[in-house]
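Taken in sequence, the protein lines are chains A and B.
For reference, each letter of the first sequence is one residue, going 1 to 235 in full-length UniProt numbering.
For reference, each letter of the second sequence is one residue, going 1 to 235 in full-length UniProt numbering.
Don't be surprised by glycine CBs; every beta carbon is placed ideally from N, CA and C.
Number of protein chains: 2
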Amino acid sequence: MGEHTVTSFDEDLEQIDRLIRDMGDLAGAMTHDATRALLKSDNALAQRVISDDTIMDAKQRDLDEKAITLIGKRQPMAQDLRAVVGGIRMASDLERIGDLAKNIAKRVGAVGDSATPRSLTHSIDAMAQMVIVQVNSVVERYVERQPDALTKLRDEDEKIDIHYTSVFRELLTYMMEDPRNITACTHLLFCAKNLERIGDHVTNIAENAYYVLTGEQLPVQRPKLDETQMTMSAQ
Amino acid sequence: MGEHTVTSFDEDLEQIDRLIRDMGDLAGAMTHDATRALLKSDNALAQRVISDDTIMDAKQRDLDEKAITLIGKRQPMAQDLRAVVGGIRMASDLERIGDLAKNIAKRVGAVGDSATPRSLTHSIDAMAQMVIVQVNSVVERYVERQPDALTKLRDEDEKIDIHYTSVFRELLTYMMEDPRNITACTHLLFCAKNLERIGDHVTNIAENAYYVLTGEQLPVQRPKLDETQMTMSAQ
Numbered sequence: 001m002g003e004h005t006v007t008s009f010d011e012d013l014e015q016i017d018r019l020i021r022d023m024g025d026l027a028g029a030m031t032h033d034a035t036r037a038l039l040k041s042d043n044a045l046a047q048r049v050i051s052d053d054t055i056m057d058a059k060q061r062d063l064d065e066k067a068i069t070l071i072g073k074r075q076p077m078a079q080d081l082r083a084v085v086g087g088i089r090m091a092s093d094l095e096r097i098g099d100l101a102k103n104i105a106k107r108v109g110a111v112g113d114s115a116t117p118r119s120l121t122h123s124i125d126a127m128a129q130m131v132i133v134q135v136n137s138v139v140e141r142y143v144e145r146q147p148d149a150l151t152k153l154r155d156e157d158e159k160i161d162i163h164y165t166s167v168f169r170e171l172l173t174y175m176m177e178d179p180r181n182i183t184a185c186t187h188l189l190f191c192a193k194n195l196e197r198i199g200d201h202v203t204n205i206a207e208n209a210y211y212v213l214t215g216e217q218l219p220v221q222r223p224k225l226d227e228t229q230m231t232m233s234a235q
Numbered sequence: 001m002g003e004h005t006v007t008s009f010d011e012d013l014e015q016i017d018r019l020i021r022d023m024g025d026l027a028g029a030m031t032h033d034a035t036r037a038l039l040k041s042d043n044a045l046a047q048r049v050i051s052d053d054t055i056m057d058a059k060q061r062d063l064d065e066k067a068i069t070l071i072g073k074r075q076p077m078a079q080d081l082r083a084v085v086g087g088i089r090m091a092s093d094l095e096r097i098g099d100l101a102k103n104i105a106k107r108v109g110a111v112g113d114s115a116t117p118r119s120l121t122h123s124i125d126a127m128a129q130m131v132i133v134q135v136n137s138v139v140e141r142y143v144e145r146q147p148d149a150l151t152k153l154r155d156e157d158e159k160i161d162i163h164y165t166s167v168f169r170e171l172l173t174y175m176m177e178d179p180r181n182i183t184a185c186t187h188l189l190f191c192a193k194n195l196e197r198i199g200d201h202v203t204n205i206a207e208n209a210y211y212v213l214t215g216e217q218l219p220v221q222r223p224k225l226d227e228t229q230m231t232m233s234a235q
């Protein structure tokens, strides 16, 4: 096969889209499994998430290579170039989601099955559910070409941030109540932070997907809310 | 100016290298300033880091556009393509370093000038100094085309990880000693984690730079050490 391949540009693009969908499915599954492993102290499931991350990395390298080759081969302009570059960027955010899920999985052993209060388990679980819905939806909305749904989805991230801030407060409270909770709670704090950051990557993906589909930027985002604005005094 | 521009491919590449160097300088300065702002409770300096991040983001967009245009225009092969794609990847890691420095800066207010024990300030400062040296060196070694120095530099990251684990333990101890320390210490914990993650991005940059310069992958990295392996019992 020489320079003139039989595949069309659209077929090449579809291949990239398929990889994005695969990576999106895997990112959703990893986030789900990592949270379940954490809340059920399931070390075997945690191990699976850790090995899934290798698959995620390989898929990203595959997509990157295909995209770069495509740009070199086809020299796409305007919208086509936007789609390929957008694909590279979305893949990079999906890969980061995989990393964050893996990091949650790696903390399963350190948290252990020490008595995590039921209300805290419930809060983290609720936050995780919101995040998982977002991860699964964003790629779905992109491949189904629904830019308006992406705007709505991006705005949903605020709810995750509010939820995260409340989990953060709750964790501080448990640490203050009993120093024996501190080690486990700091690991849970990082896990909650990772979930919040997965939400941020979904926002990036929504922005890139919107740009690919419409050629326009999503309206400027609300100022980011996070726990750094908290001046909760514990003194 | 039509399709045939007067710049050579090498000049285009140099432009990208110059942007990487700029971004590297800024990443080092932001990491330095964010740490100083944190340890001196300097809110004005923290604000500067936060606004520097906008400059960093703009530089990354600039580099991305130049690189993508270059690939489309020149259709580079093999080593040249590697250099352009490597440039995009290094820029993405430098931009993430900027984000992490900004996040440290955003925590300055929440930590406040509450009595951080001197030994803790010292530990965080020592860790930050190691990280800043790494950030400044990695781009320097790349632009000076010193692949062997990059191998050594990548291996230095282990020292940062060991230092981070010890800061992590120290912070847990302060939280356990006095619940009034918990809020400030959790923010410091995130700051220390951010420094450790900046080190990870330096590792990524070293790996990409090595690949660009030699066409080969750096030998497989040691297994990552972090606080998730700790089973420090606080019960």
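- Within the same chain, Cβ atoms closer than 7 Å to the Cβ of T121/B are found at L39, the five residues on either side in sequence being excluded.
- Apart from sequence neighbours up to five positions away, no residue of its chain approaches T7/B with a beta-carbon distance below 6 Å.
- Residue environment: A206/A is assigned as buried (16 or more neighbouring CB atoms within 10 Å of its CB, all protein chains considered).
- In the three-state DSSP reduction, Q47/B falls in the helix class (H, G or I).
- DSSP places S92/A inside the alpha helix (DSSP H), whose first and last residues are 78-106.
- In the three-state DSSP reduction, Q75/B falls in the coil class, being neither helix nor strand.
- When C-alpha distances from Y211/B are compared across M90/B, D10/B, D161/B, the shortest belongs to M90/B.
- The beta carbon of M127/A sits closer than 7 Å to the beta carbons of I160, H163, Y164, V167, A192, L195 from its chain, once the five residues preceding and following it are set aside; these are given in chain order.
- Listed along chain A are I71, G72, K73, Q75, each with a C-beta nearer than 9 Å to that of Q75/B.
- For M90/A, there are no C-beta contacts with chain B under 9 Å, since the nearest C-beta of that chain is about 13 Å from it.
- Per DSSP, reduced to three states, the secondary structure at R169/B is helical.
- With a 10 Å radius around the Cβ and a threshold of 16 neighbouring Cβ atoms, K102/A comes out buried.
- Rounded to whole angstroms, the separation of the alpha carbons of G24/A and D62/A is 15 Å.
- A distance below 9 Å separates the beta carbons of I16/B and L70/B.
- About 6 Å separates the beta carbons of I97/B and V135/B, which is inside the 8 Å limit, making them a contact pair.
- Taking 9 Å as the cut-off, the beta carbon of L26/B is found no closer than this to the beta carbon of I50/B.
- Following the DSSP letters along the chain, one finds E140/A inside the alpha helix (DSSP H) bounded by residues 118-143.
- With fewer than 16 other Cβ atoms inside 10 Å of its own Cβ, M77/A counts as exposed.
- Assignment of G28/A by DSSP, reduced to helix, strand and coil, places it in the helix class.
- Below the 9 Å Cβ cutoff, chain B contributes D64, I68 as neighbours of V85/A, in chain order.
- Shown here, E65/A sits in a helix according to DSSP, grouped into three states.
- For E196/A, the uninterrupted alpha helix (DSSP H) run begins and ends at 182-214, by DSSP.
- Using a Cβ-Cβ cut-off of 7 Å, I182/A is close to L172, M175, M176, A234 of chain B, given in chain order.
- Contact of P179/A with chain B is assigned, a C-beta pair being separated by under 9 Å.
- Proximity of T186/B to chain A, defined by a Cβ-Cβ separation below 9 Å, is satisfied.
- Across the segment 96-111 of chain B, CB contacts with chain A closer than 8 Å involve N103, K106, R107, G109, A110, in sequence order along the chain.
- For K193/A, at least one C-beta of chain B is nearer than 9 Å to its own C-beta.
- Under the three-state reduction of DSSP, L39/B is assigned to helix.
- Within its own chain, the residues whose Cβ lies closer than 7 Å to the Cβ of V143/B, once the five positions on either side in sequence are excluded, are D17, R21, listed in chain order.
- Listed in chain order, the non-local C-beta contacts of R48/B below 7 Å within the same chain comprise D33, local neighbours out to five positions each way being set aside.
- N43/B counts as exposed, since fewer than 16 other C-beta atoms from the protein chains shown sit within 10 angstroms of its C-beta.
- Under the three-state reduction of DSSP output, L225/A falls in the coil class, being neither helix nor strand.
- From the beta-carbon of L81/A, the residues of chain B found nearer than 8 Å are I68, G72.
- Flagged as an interface residue toward chain A: E227/B, by a C-beta distance shorter than 9 Å.
- Taking the Cβ atoms as the reference, H187/A lies roughly 5 Å from V111/A, within the contact range of under 8 Å.
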